[in-house]
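Asks:
In structure tokens form, the structure reads like this:
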């Protein structure tokens, strides 16, 4: 019987090629998108599960409260890991990583070839007891136990040594001691959150700063956050037990200083498999994912399959006049309803499986494009992963059954007597349900169109909003050579001889780079000194002019005021507000006069005087020194005259003769004996990296929306084709009665446009609610304008009208005599 079902189903598919093509095409496209999303989600949710001990690995995180200001960090203190291991027997091992952006770019050479590496982390020798990496060369237990030793990935080893063994090879840095390669591991898979090309032994850092400083467990060391720390728990141990004991740990190691600075600290821990997608609220983290996008894409996949299934349901029920005769005759011949249901379900499953075959071909063809779009390295082999293939086949069968269930029961319910007498519905089945399904399809499509507009608008806002400084034509040059840094003032004067260079300043940080978060002491309203944590940049006299910042109160540092170097401070508006130094009753947003003259201490010490003790002399307008994902924090610009502390030369150029200007800067720095390679970035490009992940998400959303609309339009095209076909006689009679082709086209368009308008009315409040919820996750966000919904309505109407008119115009143009004879 099953073979008979399949044979009959195939005959019906071949007999109605046009509608079968629409059904197969819509389902194939829907399955293709769904499988792509499924591959994306599987990859995202598999982050860090490649490590065999991942269920016992936890990343430690910090929750610090200083004077009622709460901050959460992905980093912890240097002594936290080893001290916890000593205190709690539940911990099998710990490992710490110093982030690659803290270590900075390393310049290594081998056999007169120079390389730049910006993906090297410093880590403990215990790393391979916690994270299992397969060694190609070397011994994991001894690879990182000595100073100046390094383990690198296989691809990095090939870059340096080709096919030669890497073990024992010596790399020469531009500064520092030679480094020995003591191990080579397989390249990291794409789905791990800790990404690196090489690991440098922590013993190297101990050799540089001293064991006493590295292993310091004083209270002060427990308040400096600087490393990623991971714990490997023993079998059966619970991280909650460790966290529940932490108050006693805090009392022992941290409370003495915490009370002194009005601060508290809470240790947090996160399972390794959750780190990538559940850390967007933490400062100091590696770039990661966002679980909300997984939920969104999962919903998109479901909705796309629903739209493709609705296409089948609509066309199957709309063609009920033709299929009713088949159903009636089969019943007269003795077929049971269950047999007919099985036949129609078999037909829908065959269409779904045929669609799956086409989908698999499309997946193979377009996977490289999808990888580029999603910044992934996904692979898909039809027989390489039997479990995945089985899941996809089951998905196709389920879609086929879901699509065919209603049509099967509907078409098998016709009474033979009515069919023979021609008393079935000539308009194609249950018209109300068909309209309802079309409205549902377009509600989804409109919601995705409007959602894509708003998502793109938000990401455009993030890229183009005023940051409070001028990011354009600002070249930032990295400075590392200590000899070169002794000549920064002559270097500045030499650069300014070029008319295309408008200004030069120096700083230890910039928007888009790391920024220090330091405890300071300031004068409160009652005259008492209070402790507050603030962000700090070390800058020179020219920093605000070069950066294009605005002074809103007081003055900036003055070269003629010698006392400014030790006794003056400039803060931002947020700092003035946080410290209560603003007249909130005034309508003037720049009324920060009460902040001027307030006492301020920087670099406070528990046992000694502060590094600087002075007063506030100026307030600068708030500017975004971090991404717009973060609320602007309190900032202090500290005047600095120690050139060695400066990391960046900020060079404002005219924008004309850009390449010649860059060449001039390069030649000038070489004149002052900068031996390091010329490394520079333009500020707008650096800040653009903040939003690269969102841009990819927006591009994926646009792509999925376009394909969703195509699937819906495909179904609408098939439905309008059938309805114009069954109403051919009506069209002919209307033309005989004087109706023009335009009148008939408008008649059909009016009917379909009502469905689309209803879909827009339903979609608007739902979309508004969901997108408002999504926008709440951004501290700075665009407004949802009414015209976006109007654009969604206009675009959906145009899509529907163009789709319908393609078929209706043809039917409206036929000879009335032929139309009337049509049966």
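Numbering (the working numbering), first residue to last: 261 to 1083.
Glycine included, every Cβ here is placed at the ideal spot set by N, Cα and C.
Nearest to residue 312 by alpha carbon, out of 355, 388, 943?
Replies: Minimum Cα distance to residue 312 is reached at 388.
Asks: In three-state terms, what does DSSP make of residue 280?
Replies: The answer is helix: DSSP assigns residue 280 an H, G or I state.
Asks: Does the region 823-841 come within contact of the region 893-904, defined as at least 3 CB pairs closer than 8 Å?
Replies: Enough Cβ pairs lie closer than 8 Å, so yes.
Asks: Can you look up residue 401 in the DSSP assignment and give me helix, strand or coil?
Replies: Residue state, collapsed to three classes: coil.
Asks: With respect to the alpha helix (DSSP H) encompassing residue 340, which residues constitute its N-terminal and C-terminal limits?
Replies: Taken as a continuous stretch (DSSP letters only), the alpha helix (DSSP H) holding residue 340 covers 340-347.
Asks: With residue 517 as the anchor, note down where its alpha helix (DSSP H) starts and where it stops.
Replies: That run of the alpha helix (DSSP H) goes 515-520.
Asks: For the region 451-521, list the beta strand (DSSP E) runs that are entirely contained and at least 3 residues long, ordered along the chain.
Replies: The region 451-521 contains these whole beta strand (DSSP E) runs: 458-461, 485-493.
Asks: Name the two residues that bound the continuous alpha helix (DSSP H) containing residue 833.
Replies: Unbroken alpha helix (DSSP H) run through residue 833: 833-838.
Asks: For residue 430, tell me which candidate among 855, 442, 419, 563 has the shortest Cα-Cα distance.
Replies: Among 855, 442, 419, 563, the Cα nearest to that of residue 430 is on 442.
Asks: Taking just the CA atoms, how far does residue 506 sit from residue 854?
Replies: Each residue's alpha carbon lies about 42 Å from the other.
Asks: What first and last residue would you give for the beta strand (DSSP E) that runs through residue 409?
Replies: Its beta strand (DSSP E) spans residues 409-413.
Asks: Measure the CB-CB distance between residue 410 and residue 444 and report whether it falls below 8 Å.
Replies: Contact: no.
Asks: Would you decide whether residue 256 is buried or exposed? Buried here means 16 or more other CB atoms lie within 10 Å of its CB.
Replies: With the chain covering 261 to 1083 only, the question about residue 256 has no answer from this structure.
Asks: Here's a check: name, in chain order, each residue in its chain whose Cβ is nearer than 7 Å to the Cβ of residue 1085, leaving out the five neighbours to either side.
Replies: Limits of the chain in this structure are 261 at one end and 1083 at the other, which puts residue 1085 out of reach.
Asks: In whole angstroms, what separates the C-alpha of residue 690 from that of residue 1042?
Replies: Only weak support is given to the placement of residue 690: the predicted model assigns it a pLDDT of 48, under 50, and the value that follows is read from those uncertain coordinates. So the two alpha carbons sit approximately 44 Å from each other.
Asks: From the DSSP output, in three-state form, read off residue 350 for me.
Replies: Residue state, collapsed to three classes: coil.
Asks: Would residue 281 be called buried (16 or more neighbouring beta carbons within 10 Å of its own) or exposed?
Replies: So residue 281 ends up on the exposed side.
Asks: To the nearest angstrom, how far is it from the Cα of residue 548 to the Cα of residue 453?
Replies: C-alpha separation (whole angstroms): 7 Å.
Asks: Any contact of the region 696-706 with the region 1045-1061, i.e. 3+ C-beta pairs under 8 Å?
Replies: Segments in contact, yes.
Asks: Tell me whether the beta-carbon of residue 288 lies closer than 8 Å to the beta-carbon of residue 618.
Replies: In contact: residue 288 and residue 618 (Cβ atoms closer than 8 Å).
Asks: Nearest by alpha-carbon distance to residue 572: which of 355, 760, 857, 701 is it?
Replies: Of 355, 760, 857, 701, the residue nearest in Cα terms is 701.
Asks: Given a cut-off of 8 Å, decide if residue 769 and residue 947 are closer than it, judged by their beta-carbon atoms.
Replies: Contact flag unset, no.
Asks: So, at 6 Å on beta carbons, what are the nonlocal neighbours of residue 754 in its own chain, with the 5 sequence-adjacent residues on each side left out?
Replies: 928.
Asks: Which same chain residues end up closer than 7 Å to residue 715 when comparing Cβ atoms and leaving out the 5 residues on each side of it in sequence?
Replies: For residue 715, where only same-chain residues beyond five positions count, the Cβ hits under 7 Å are 958, 961.
Asks: When you compare the CB positions of residue 474 and residue 710, do they come within less than 8 Å of one another, or not?
Replies: No, Cβ-Cβ distance for residue 474 and residue 710 is not below 8 Å.
Asks: Consult DSSP for residue 628 and reduce its assignment to one of helix, strand or coil.
Replies: Residue state, collapsed to three classes: helix.
Asks: What do you reckon, are the CB atoms on residue 839 and residue 792 nearer than 8 Å?
Replies: Yes.
Asks: Using the C-alpha atoms, what's the distance from residue 1036 back to residue 847?
Replies: Residue confidence for residue 847 is low, a pLDDT of 48 falling below 50, so the modelled location carries little weight; the figure read from the coordinates is stated next. In a straight line, the C-alpha of residue 847 is about 27 Å away from that of residue 1036.
Asks: Assuming residue 369 and residue 407 make a contact with CB atoms under 8 Å, what is their CB distance in whole Å?
Replies: Actually they are not in contact, since the Cβ atoms of residue 369 and residue 407 sit about 19 Å apart, beyond 8 Å.
Asks: Judging by CA-CA distance, which residue of 392, 626, 376, 857 is the nearest neighbour of residue 824?
Replies: Per the Cα distances, 857.
Asks: Tell me residue 874's beta-bridge partners as DSSP assigns them.
Replies: Note: residue 874 sits in a beta bridge opposite 860.
Asks: What are the start and end residues of the alpha helix (DSSP H) that includes residue 803?
Replies: Here the alpha helix (DSSP H) through residue 803 covers 803-807.
Asks: Sorted by chain position, which residues of the same chain lie with C-beta nearer than 6 Å to residue 935's C-beta, five sequence neighbours on each side aside?
Replies: 741, listed in sequence order.
Asks: Suppose you measure from the CA of residue 697 to the CA of residue 1022; what does that come to, to the nearest Å?
Replies: Straight-line Cα distance between these residues: approximately 13 Å.
Asks: If you reduce the DSSP assignment to three classes, tell me which class residue 356 lands in.
Replies: Strand, per DSSP.
Asks: Take the Cβ of residue 1045 as the centre, count every other Cβ of all protein chains shown within 10 Å, and call the residue buried at 16 or more, exposed below.
Replies: Its Cβ having fewer than 16 others within 10 Å, residue 1045 is exposed.
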